[in-house]
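**Q** Residue 0 is where the sequence shown starts when you use numbering that gives the first Met the number 0, and the numbers rise one by one after that. Cβ coordinates follow ideal geometry from the N, Cα and C atoms, glycine included. These figures come from a predicted structure and were not determined experimentally. So that we are looking at the same thing, I have put the structure below in structure tokens.
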Amino acid sequence: MNLSGESVVSILNFYKIDPRTDMLVLSDDIDMEFGKIRLRNTGSSGGQNGLKSIEKCLGTQDFARLKIGIGRHEKYSVSDWVLSRFTQTELQDFDSTLRDKIISEVARWLANSK
């Protein structure tokens with residue numbers, strides 16, 4: 000996912016999609032507590048490599064993104080942490096509340112994007 004920009008641009012060009020109005024990128028965010036989500040219509044990558052790649056290939060930060068907090072872990076390097084599996088508790092939290100929060104935010108963005 001760190002090099003997703005080229006693929007995103009290819010899809011946007013093929014389907015003639017305007018990223019400023021018709022694209023929502025979902026990404027993890029280690030600087031947000033697990034389970035927190037934040038929807039923004041523009042902004043920086045916050046150090047997230049996939050978002051950096053998309054910004055670089057698009058030449059802009061003007062596209063919507065839904066950041067999903069995964070938190071940090073002091074025992075792991077950043078790369079090991081973001082690639083690790085969720086704990087059983089995190090999976091239960093995802094199933095019980097986080098999934099519905101994400102779906103709700105995506106639905107809200109879709110309703111307001113036109």
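Among 71, 92 and 91, which residue has its Cα nearest to the Cα of residue 83?
**A** When each option's Cα is compared against that of residue 83, the closest is 71.
**Q** Any chance you could list the alpha helix (DSSP H) runs of at least 4 consecutive residues sitting entirely within the segment 53–106, in chain order?
**A** Complete alpha helix (DSSP H) runs here, min 4: 77–82 and 87–92.
**Q** Would residue 23 pass as a contact of residue 77 if the rule is Cβ separation under 9 Å?
**A** Result no, Cβ atoms of residue 23 and residue 77 do not sit closer than 9 Å.
**Q** May I ask you to list the residues that DSSP assigns as paired with residue 16?
**A** BP columns for residue 16 are empty, so no partner.
**Q** Return the chain-ordered list of same chain residues with a C-beta closer than 8 Å to the C-beta of residue 10, the five sequence neighbours on each side being excluded.
**A** Hits under 8 Å: 16.
**Q** Let's test the definition: count the other Cβ atoms within 10 Å of the Cβ of residue 74 and tell me whether it reaches 16, buried, or not, exposed.
**A** Exposed is the call here.
**Q** Does the segment 36–49 come into contact with the segment 0–7, if we say contact requires no fewer than three beta-carbon pairs (one atom in each stretch) closer than 8 Å?
**A** Counting Cβ pairs under 8 Å, three or more are found: they touch.
**Q** Taking the CB atoms as reference points, tell me whether residue 116 and residue 112 lie closer together than 9 Å.
**A** The structure shown does not extend to residue 116, since the chain is modelled only from 0 to 113, so the question has no answer here.
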